[in-house]
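J.: In terms of our numbering, the sequence shown opens at residue 61 and continues consecutively.
Cβ coordinates follow ideal geometry from the N, Cα and C atoms, glycine included.
Small disclaimer: the values here were computed from a predicted structure and weren't measured.
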Amino acid sequence: MSNAVVIGMQWGDEAKGKIVDYLSGNADLVVRYNGGNNAGHTVVIGEEVYKFHTVPVGILNEGVTAVIADGVVLDPAIVAEELRSLAPKGIGKEKIKISGNTHVLMPWHRLFDNLQETSKGSKKIGTTGRGIGPCYADKISRIGLRMSEFIDPARFKAKLHDILAVKNAIITKVYGGEPLDEAAIYAEYSEYAKELAPLVCDTAKLIFEAADSGKKIVFEGAHGSLLDIDHGTYPYVTSSHCVAGGASIGTGIGPTMIDKVIGITKAYSTRVGEGPFPTELFDEIGDKIRRQGNEFGTTTGRPRRCGWLDTVISRFTARANGTTGVALTLLDVLTGFDTIKVCAAYEIDGKITRDFPTDVEVLAKAKPVYEEMKGWSEDISECKRFEQLPEAARKYVKRVEQLIESPICVLGVGRRRDQSIILDHEIMTL
Ligand code: IMP
Ligand code: MG
61 MSNAVVIGMQ
71 WGDEAKGKIV
81 DYLSGNADLV
91 VRYNGGNNAG
101 HTVVIGEEVY
111 KFHTVPVGIL
121 NEGVTAVIAD
131 GVVLDPAIVA
141 EELRSLAPKG
151 IGKEKIKISG
161 NTHVLMPWHR
171 LFDNLQETSK
181 GSKKIGTTGR
191 GIGPCYADKI
201 SRIGLRMSEF
211 IDPARFKAKL
221 HDILAVKNAI
231 ITKVYGGEPL
241 DEAAIYAEYS
251 EYAKELAPLV
261 CDTAKLIFEA
271 ADSGKKIVFE
281 GAHGSLLDID
291 HGTYPYVTSS
301 HCVAGGASIG
311 TGIGPTMIDK
321 VIGITKAYST
331 RVGEGPFPTE
341 LFDEIGDKIR
351 RQGNEFGTTT
361 GRPRRCGWLD
371 TVISRFTARA
381 NGTTGVALTL
391 LDVLTGFDTI
401 KVCAAYEIDG
411 KITRDFPTDV
421 EVLAKAKPVY
431 EEMKGWSEDI
441 SECKRFEQLP
451 EAARKYVKRV
461 EQLIESPICV
471 LGVGRRRDQS
481 IILDHEIMTL
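(1) DSSP three-state call for residue 370: helix, strand or coil?
(2) Out of 134, 104, 267, which one is the CA nearest neighbour of residue 77?
(3) Run the CB neighbour count on residue 121, radius 10 Å, all protein chains shown included, and call it buried at 16 or more, exposed below.
(4) Going by alpha carbons, who is nearest to residue 265 out of 84, 130, 324, 231?
(5) Write down the C-beta distance between residue 128 and residue 92 rounded to the nearest angstrom, noting that I regard them as a contact closer than 8 Å.
(6) Counting Cβ pairs, one atom from each stretch, are 3 or more of them under 8 Å apart for the segment 302-310 and the segment 98-115?
(7) Just the C-alpha distance for residue 234 and residue 453, rounded to the nearest angstrom, thanks.
(8) Only counting the same chain, and skipping five residues up and downstream in sequence, which positions put a Cβ closer than 7 Å to that of residue 393?
(9) According to DSSP, is residue 375 helix, strand or coil?
(10) Starting from the C-beta of residue 400, find all residues in its chain whose C-beta is less than 7 Å away, skip the five residues before and the five after it, and write them out in chain order.
(11) What's the C-alpha gap between residue 324 and residue 199?
(12) Tell me whether residue 424 sits in a helix, a strand or coil according to DSSP, three-state version.
(13) What residue does the beta strand (DSSP E) around residue 501 start on, and which one ends it?
(14) Three-state secondary structure (DSSP) at residue 261?
(15) Residues in its own chain within less than 8 Å of residue 207 by CB, not counting five upstream and five downstream?
(16) Could you give the distance in angstroms between the alpha-carbon of residue 498 and the alpha-carbon of residue 85?
(17) Name the two residues that bound the continuous beta strand (DSSP E) containing residue 228.
(18) Terminal residues of the continuous alpha helix (DSSP H) containing residue 76?
(19) Do residue 482 and residue 473 have their beta-carbon atoms positioned less than 8 Å apart in this structure?
(20) Whose C-beta lies closer than 8 Å to the C-beta of residue 204 among residues of the same chain, with five residues either side of it excluded?
(21) So for residue 158, helix, strand or coil by DSSP?
(22) Please state if the CB of residue 383 and the CB of residue 318 are separated by a distance shorter than 8 Å.
(23) Judging by CA-CA distance, which residue of 243, 479, 271, 269 is the nearest neighbour of residue 389?
(24) Leaving out five residues before and five after residue 209 in sequence, what residues of the same chain have Cβ atoms less than 7 Å from its Cβ?
Set out below in structure tokens:
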């Protein structure tokens, strides 16, 4: 049996899509288990750029079945649209399975996301506005709408009525807004329910049986470890379990059935939305990283905040995920800098530490302790082997590996699937 969880080790957008796509080459199942359409995964194959928000990106590989498992919150309008965009590429509905336990994102979730953000003013989280937090909040409060109810017209109708009575009272009385129209929502969403119903099945059984019979599975983590609801920079996080354990929680597969955890980190750092970011750069170096890395959000188009690599973070998230290997991506973006800095420790209240504080007020005080390294100017985007990299790039990779305390198994040197330098073929093959 061989399966791997792929997770982000920073604040999302670590180029997981590319690594997932690489691993999915000979996979049988690709599984999304957390988050929703706040995620944006990009894959470049040849000249074509594919962007996905809910359907697992591994679907682009032949012979793969894509699973949207229990832990996901699913916007039916978005998924219906993604299905329609996949059809002309010969990827039919029969290749996609959805758990009946997924929670359905409804218009009130998006509305509350925006109302809550607006009411927070300068303390806003900077969410993607997709309704993710309110949908997970309803799930945890046990008042959510599950996919299995949504696709049953009678249950959906009754539940919609009950939920809207409460939501509309809050919308009108607390926020002074206009109530949502029950009949219009029922009419629109019943159509999505009809489209999605044939895809709904017992995905935990499907995944268990696949794993048990030695099939190859990629668990596609969304977002990044520091956006994890428990282990991230709370409250500047998303509302799902982004660390590798989320693959077990979000699918119903026991943790002992997971073989490998591949953590993805960029060769630098980015963050979208608010919250502390110790190595953030506010100067032309940050602008250059943003430009060279095309660091604009896949989901919202927002410019991403950019900074040097922070190995206090990567060491912490390597531990939180139990990484068996680390993919260091977007190394090519660091081409053309005279000096490259890497954060090796923090200074907090005059003390040096390599431990990552998850209390944001403490983190906000952390001053990065940098090591400076020589940069390189050669184009590395067509390098196929480690030895072909300039000496400065090789030194950078080796030092990062020491600081993270977890082996680096692959380097990303360009956007295309084949622009990867594999350092450990065993880990990178399912
Ligand atoms: P939410 O997930 O929309 O509630 O947003 C919460 C925070 O997580 C915001 O700072 C978002 O920008 C951030 N976030 C959520 N998903 C992603 C992602 O896939 N990449 C990067 N940031 C994300
Ligand atoms: Mg993304």
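T.: From the atom records:
(1) In the sequence shown, counting from the first residue as 1, residue 370 sits at position 310. Residue 370: strand per DSSP, three-state reduction.
(2) By 1-based counting over the sequence shown, the position of residue 77 is 17. Taking only the C-alpha atoms, the option nearest residue 77 is 104.
(3) Residue numbering aside, residue 121 sits at position 61 when the sequence shown is read from its first letter. The residue is buried, with at least 16 neighbouring Cβ atoms inside 10 Å.
(4) Residue 265 sits at position 205 when you count from the first residue of the sequence shown. Minimum Cα distance to residue 265 is reached at 130.
(5) Position 68 of the sequence shown, counted from the start, is the residue given in the question as residue 128. Position 32 of the sequence shown, counted from the start, is the residue given in the question as residue 92. The Cβ separation is near 5 Å, so the contact holds.
(6) no
(7) Indexing the sequence shown from 1 puts residue 234 at position 174. Indexing the sequence shown from 1 puts residue 453 at position 393. For residue 234 and residue 453, the distance between alpha carbons rounds to 56 Å.
(8) Counting from 1 along the sequence shown, the entry for residue 393 is found at position 333. The answer, listed in chain order, is 327, 328, 349, 352, 353.
(9) On the sequence shown, position 315 is the one that residue 375 refers to. It is helical.
(10) Sequence index remark: in the sequence shown, residue 400 carries index 340 (1-based). Result list for residue 400: 394, 433, 435, 456, in chain order.
(11) Taking the sequence shown and counting its residues from 1, the one referred to as residue 324 is at position 264. Taking the sequence shown and counting its residues from 1, the one referred to as residue 199 is at position 139. Distance between the alpha carbons of residue 324 and residue 199 is about 29 Å.
(12) Translated into positions along the sequence shown, residue 424 becomes position 364. Looking at residue 424 - three-state DSSP - the assignment turns out to be coil, as it is neither helix nor strand.
(13) It is not possible to answer for residue 501, since the shown part of the chain is limited to 61 through 490.
(14) Here residue 261 corresponds to residue number 201 of the sequence shown, with the count starting at 1. Looking at residue 261 - three-state DSSP - the assignment turns out to be strand.
(15) Within the sequence shown, the letter at position 147 stands for residue 207. So the qualifying residues of the chain are 134, 158, 159, 160, 161, 162, 163, 164, 256, 260.
(16) Absent from the model: residue 498. The displayed extent of the chain is 61 to 490, so no value can be given.
(17) Within the sequence shown, numbered from 1, the residue matching residue 228 stands at position 168. No beta strand (DSSP E) contains residue 228, which is instead part of the alpha helix (DSSP H) from 213-229.
(18) The residue given as residue 76 occupies position 16 in the sequence shown. Residues 76-83.
(19) Within the sequence shown, numbered from 1, the residue matching residue 473 stands at position 413. Within the sequence shown, numbered from 1, the residue matching residue 482 stands at position 422. Not closer than 8 Å, so no.
(20) Walking along the sequence shown from the start, residue 204 turns up at place 144. Taken in chain order, the residues that qualify are 163, 164, 195, 198.
(21) Walking along the sequence shown from the start, residue 158 turns up at place 98. DSSP places residue 158 in strand when its eight states are reduced to three.
(22) Counted from its first residue, the sequence shown places residue 318 at position 258. Counted from its first residue, the sequence shown places residue 383 at position 323. Their beta carbons are not under 8 Å apart, which means residue 318 does not touch residue 383 by this criterion.
(23) On the sequence shown, residue 389 is found 329 positions in, with the first residue counted as 1. For residue 389, the nearest C-alpha among the options comes from 479.
(24) By one-based count along the sequence shown, residue 209 stands at place 149. 215, 216, 219.
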